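K.L.:
One structure is given below, represented as structure tokens, and several questions about it will come after.
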């Protein structure tokens with residue numbers, strides 16, 4: 001209410017110079033301070049309610065250039081690259097809105113943490129290669145003064161994908177693409193496989209591809225905390241709250257073929273505080289949807305998908321949460337220290353965990369077996385019936401094992417083609433997506449963050465061209481199918 | 487300091503030189519700390535090198551002594567043209583080095599070098615490398631170890647002693663090096679459980695002699711093994 005009575009220049013002036021501001025990135029946020037002082041003075045004057053005692057420090061700021069919905073690894077990566085690539089220090093004000101600061105259901109923390117370049121799409125391979133070099137030099141990218149260096153606990157043991165007869169040809173062509181992009185992958189026959197890994201039973205395996213470098217697994221929490229720490233030091237604001245509403249304005253325009261099109265622009269994001277009805281309208285220029293498994297709800301709030309089906313207005317964001325289980329077991333005679341992350345022909349996968357003969361793994365269920373994503377309860381029967389038999393077939397030592405624990409996490413599953421959605425929406429012009437990676441978001445986060453930041457700041461993809469991943473493909477029906485989804 | 491060796495080499499040459507230095511140059515080494523004797527000598531060499539980088543006369547003295555030792559070593563072991571090639575006082579290699587362009591490099595000693603992930607490009611091209619020493623290289627970490635697989639056909643000896651960033655996760659990628667006969671993994675501070683790691687690495691490389699960690703290191707001595715020095719007589 002007070003905002004309306006303040007002079008107009010205070011409210012909207014994102015680009016105008018206000019009295020008292022200086023060039024050069026004075027980090028004390030004079031604009032905010034001056035407006036607060038004016039508010040306080042006005043509230044002392046007679047006739048107004050005295051709001052001096054109202055503390056708004058828990059609320060997000062009233063203005064922010066970019067609002068990133070979702071504080072997981074993708075959201076933080078976009079925030080980091082926005083701050084890295086901005087033209088001068090302090091040019092962009094970024095706010096990250098995260099509903100749950102404990103990250104109890106966020107896909108990042110519950111991830112197995114693998115990174116591999118064995119994809120079929122060149123863009124995916126390039127993203128993974130960049131992420132590997134990002135992780136390798138993480139202490140140069142994410143260095144914060146006086147803070148200890150990050151230890152990602154990276155295991156460079158590689159991925160071993162096994163293919164049956166019918167998938168062998170596809171695997172060979174995939175490896176060719178991977179090698180062209182610069183990934184170091186070697187193909188192995190069943191004999192070579194038995195030679196190298198004597199604990200494998202090669203029955204049913206026609207070909208195997210083994211990543212030699214830049215592949216393995218690491219600690220996703222460390223990456224998340226490192227990004228969070230660095231991003232806070234770069235001046236990004238964090239807010240714990242839930243986005244409940246977008247206030248937008250529409251404009252009817254004509255295309256070159258004289259067809260009417262309604263373009264929407266989001267002006268305000270309403271951020272509701274936890275366990276209260278209080279909300280803060282944050283005025284913003286750009287909204288980034290990095291909400292992971294819940295991206296579709298955020299997109300629906302912006303009006304994406306409201307329209308007759310088959311039209312661009314009626315195309316919803318096809319990302320939904322899918323629950324996946326990870327089981328940890330102990331097997332004293334299991335495969336040794338050299339074990340890569342093995343992905344079986346049946347879709348079951350496992351890897352070593354630590355020095356003490358512990359392994360973790362799981363399997364993606366088929367469409368009919370999909371568990372209910374309403375909660376993160378673990379179904380132990382799934383391991384007994386659907387995972388263990390395949391593991392025991394592939395690695396005979398796993399016939400005797402003991403499950404120690406298990407957990408479940410969400411994939412932000414893109415039901416269209418299981419690949420990410422990156423870039424602006426064609427109709428809601430200032431909403432950018434960075435979601436839908438269906439289980440390989442963590443390993444592609446650095447590259448995707450950079451791509452979205454380039455799109456926001458420069459208007460096009462510069463380093464890695466992710467135009468096949470734009471939203472328009474859902475309307476046009478152009479599927480870019482990724483064959484190697486674990 | 488880069489030391490290359492061509493043709494047939496002896497590991498002994500390097501070890502012969504170090505103890506002799508110990509005899510000549512005393513007084514600089516007052517190092518405490520519970521380090522194995524081997525490690526102690528390595529630390530002394532570091533102090534000497536540090537001093538060498540700062541004082542020309544120390545450097546000159548060291549080079550002079552080195553020349554004398556090399557001469558003695560030549561006499562004793564009768565190498566035929568088989569010496570380590572080292573840079574001279576200014577860090578330049580002698581002109582004769584260029585005559586050896588075609589000769590394959592067999593051993594590289596990159597101890598205490600600042601070699602990093604990109605720098606390994608140069609080493610990986612040496613297809614006949616038999617011995618590689620990366621002792622106390624501060625930038626060699628797990629990512630670097632994952633790059634060593636191209637040397638699998640020829641590499642027989644690898645030393646990673648004292649590298650502060652190498653952990654058991656990097657050691658897991660050494661299983662590609664099936665021709666390895668000697669692996670030194672002593673004094674790796676980043677390895678969480680050295681005894682267990684030694685066992686797992688030995689299982690991973692059955693033909694290799696893994697040196698550096700005693701498997702009993704993690705075991706604590708029982709109460710009955712406490713020393714009773716005061717009671718025992720001093721041996722004559």
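Residue numbers (the working numbering), protein chains in the order written: chain A, 1 to 486; chain B, 487 to 722.
Every residue, glycine too, gets a C-beta built ideally from N, C-alpha and C.
Just so you know, these numbers come straight off a predicted model, no measurement behind them.
Please confirm whether residue 539 of chain B has its beta-carbon closer than 8 angstroms to some beta-carbon of chain A.
P.N.:
So, not an interface residue.
K.L.:
Return no unless some Cβ of chain B is closer than 8 angstroms to the Cβ of residue 16 of chain A.
P.N.:
In this prediction, residue 16 of chain A has a pLDDT of 49, which is less than 50 and means its spatial position is unreliable; nothing more can be read from the coordinates.
K.L.:
For residue 222 of chain A, I'd like the list of residues in its chain whose CB is within less than 8 angstroms of its CB, leaving aside the five on either flank, ordered along the chain.
P.N.:
Result list for residue 222 of chain A: 150, 151, 152 and 153, in chain order.
K.L.:
Go ahead and label residue 608 of chain B buried or exposed: buried means 16 or more other beta carbons lie within 10 angstroms of its beta carbon, across all protein chains shown.
P.N.:
It counts as exposed.
K.L.:
Pull up the CB-CB distance for residue 414 of chain A and residue 120 of chain A, whole angstroms please, since I reckon it's below 8 angstroms.
P.N.:
Their Cβ separation, rounded to whole angstroms, is 15 angstroms, which puts residue 414 of chain A and residue 120 of chain A out of contact at 8 angstroms.
K.L.:
Between the region 179-186 of chain A and the region 81-93 of chain A, can you find at least three pairs of beta-carbon atoms closer than 8 angstroms?
P.N.:
No, because fewer than three Cβ pairs between the region 81-93 of chain A and the region 179-186 of chain A fall closer than 8 angstroms, the two stretches do not touch.
K.L.:
Which one of A/208, A/204 and A/333 has the shortest CA to CA distance from residue 390 of chain A?
P.N.:
Residue A/204 is the option with its Cα nearest to residue 390 of chain A.
K.L.:
Can you tell me the Cα-Cα spacing of residue 65 of chain A and residue 91 of chain A, whole angstroms?
P.N.:
Distance between the alpha carbons of residue 65 of chain A and residue 91 of chain A is about 9 angstroms.
K.L.:
Using 10 angstroms around the beta-carbon of residue 684 of chain B, count the other beta-carbons present and answer buried if the total reaches 16, otherwise exposed.
P.N.:
Result: buried.
K.L.:
When you compare the CB of residue 668 of chain B with every CB in chain A, is at least one pair closer than 8 angstroms?
P.N.:
Output row for residue 668 of chain B: interface = no.
K.L.:
Within 10 Å of its beta-carbon, does residue 634 of chain B have 16 or more other beta-carbons around it, so buried, or fewer, so exposed?
P.N.:
When all chains shown are included, residue 634 of chain B counts as buried.
K.L.:
Kindly indicate the opening and closing residues of the beta strand (DSSP E) around residue 412 of chain A.
P.N.:
Counting along the chain, the beta strand (DSSP E) containing residue 412 of chain A begins and ends at 402-414.
K.L.:
Please list, in chain order, the chain A residues whose beta carbon lies closer than 7 angstroms to that of residue 599 of chain B.
P.N.:
What residue 599 of chain B touches in chain A: nothing, since even the nearest Cβ is about 19 angstroms away.
K.L.:
For the region 334-356 of chain A, enumerate the residues whose C-beta is nearer than 7 angstroms to any C-beta of chain B, in chain order.
P.N.:
Of all residues in the region 334-356 of chain A, 336, 337, 338 and 355 have a Cβ within less than 7 angstroms of some Cβ in chain B.
K.L.:
Using only alpha-carbon positions, find the residue among A/422, A/442 and A/356 that is nearest to residue 434 of chain A.
P.N.:
Closest by alpha carbon: A/422.
K.L.:
Beta-carbon within less than 8 angstroms of residue 131 of chain A's beta-carbon, same chain only, minus the 5 sequence neighbours each way: which residues are those?
P.N.:
The residues are 115, 443, 444, 445, 446 and 447.
K.L.:
May I ask you to verify whether the region 616-629 of chain B touches the region 641-661 of chain B, counting CB pairs closer than 8 angstroms and requiring at least 3?
P.N.:
Judged by Cβ distances under 8 angstroms, the region 616-629 of chain B makes contact with the region 641-661 of chain B, as three or more pairs qualify.
K.L.:
In chain order, which beta strand (DSSP E) runs of at least 3 residues are fully inside the region 205-278 of chain A?
P.N.:
Runs of the beta strand (DSSP E) inside the region 205-278 of chain A: 207-211, 237-254 and 260-273.
K.L.:
Could you tell me if residue 536 of chain B is buried or exposed, where buried requires 16 or more neighbouring beta carbons within 10 angstroms of its beta carbon?
P.N.:
Exposed: under 16 other Cβ atoms inside 10 Å.
K.L.:
Give a yes or no on whether the C-beta atoms belonging to residue 335 of chain A and residue 395 of chain A are separated by under 8 angstroms.
P.N.:
Yes, the pair counts as a contact, with Cβ atoms nearer than the cut-off.
K.L.:
Is residue 153 of chain A close to chain B? Criterion is C-beta to C-beta, closer than 8 angstroms.
P.N.:
It does: the Cβ of residue 153 of chain A has a partner Cβ on chain B nearer than 8 angstroms.
K.L.:
If you run the structure through DSSP and keep just helix, strand and coil, what is residue 636 of chain B?
P.N.:
Helix at residue 636 of chain B.
K.L.:
What separation, rounded to the nearest whole angstrom, lies between the Cα atoms of residue 272 of chain A and residue 240 of chain A?
P.N.:
If I take the Cα positions, the gap works out to 9 angstroms.
K.L.:
Taking just the CA atoms, how far does residue 138 of chain A sit from residue 36 of chain A?
P.N.:
Using only the alpha carbons, I get a separation of about 39 angstroms.
K.L.:
Check the Cβ-Cβ distances between residue 188 of chain A and every residue of chain B, and say whether any is below 8 angstroms.
P.N.:
Chain B, which has no Cβ nearer than 8 angstroms to the Cβ of residue 188 of chain A, makes this no.
K.L.:
Looking at C-beta atoms only, is the number of pairs between the region 70-79 of chain A and the region 448-455 of chain A that lie closer than 8 angstroms three or more?
P.N.:
Judged by Cβ distances under 8 angstroms, the region 70-79 of chain A makes contact with the region 448-455 of chain A, as three or more pairs qualify.
K.L.:
Specify, as a first and last residue, the run of the beta strand (DSSP E) that residue 487 of chain A falls within.
P.N.:
Since the displayed chain A opens at 1 and closes at 486, residue 487 of chain A lies outside it and no answer follows.
K.L.:
Apply the 10 Å Cβ neighbour rule to residue 124 of chain A and answer buried if 16 or more other Cβ atoms are within range, or exposed otherwise.
P.N.:
The residue is buried, with at least 16 neighbouring Cβ atoms inside 10 Å.
K.L.:
Would you kindly report the start and end of the unbroken alpha helix (DSSP H) that includes residue 98 of chain A?
P.N.:
Element bounds for residue 98 of chain A: not the alpha helix (DSSP H) but the beta strand (DSSP E), 94-98.
K.L.:
Just to confirm before moving on: does the CB-CB distance between residue 647 of chain B and residue 672 of chain B stay below 8 angstroms?
P.N.:
Closer than 8 angstroms, so yes.
K.L.:
In angstroms, rounded to a whole number, what distance separates the CA positions of residue 171 of chain A and residue 207 of chain A?
P.N.:
Their backbone Cα atoms lie some 8 angstroms apart in a straight line.
K.L.:
Bridge partners of residue 669 of chain B, per DSSP?
P.N.:
BP columns for residue 669 of chain B point to B/644 and B/696.
K.L.:
What does residue 628 of chain B touch in chain A if you count any residue whose Cβ is under 8 angstroms from its own?
P.N.:
Within chain A, the residues near residue 628 of chain B are 154, 155 and 156.
K.L.:
Going by beta carbon distance, what residues of the same chain come within less than 7 angstroms of residue 488 of chain A, once the five residues before and after it are set aside?
P.N.:
Residue 488 of chain A lies beyond the residue range present for chain A, which begins at 1 and ends at 486; the question has no answer from this structure.
K.L.:
Shorter than 8 angstroms from the beta carbon of residue 654 of chain B to some beta carbon of chain A?
P.N.:
Answer yes: the Cβ-Cβ gap between residue 654 of chain B and chain A drops below 8 angstroms somewhere.
K.L.:
Please name the residues in the region 198-220 of chain A whose beta-carbon is closer than 8 angstroms to at least one beta-carbon of chain B, in chain order.
P.N.:
So the list reads 212, 213, 214 and 216, given in the order they occur along the chain.
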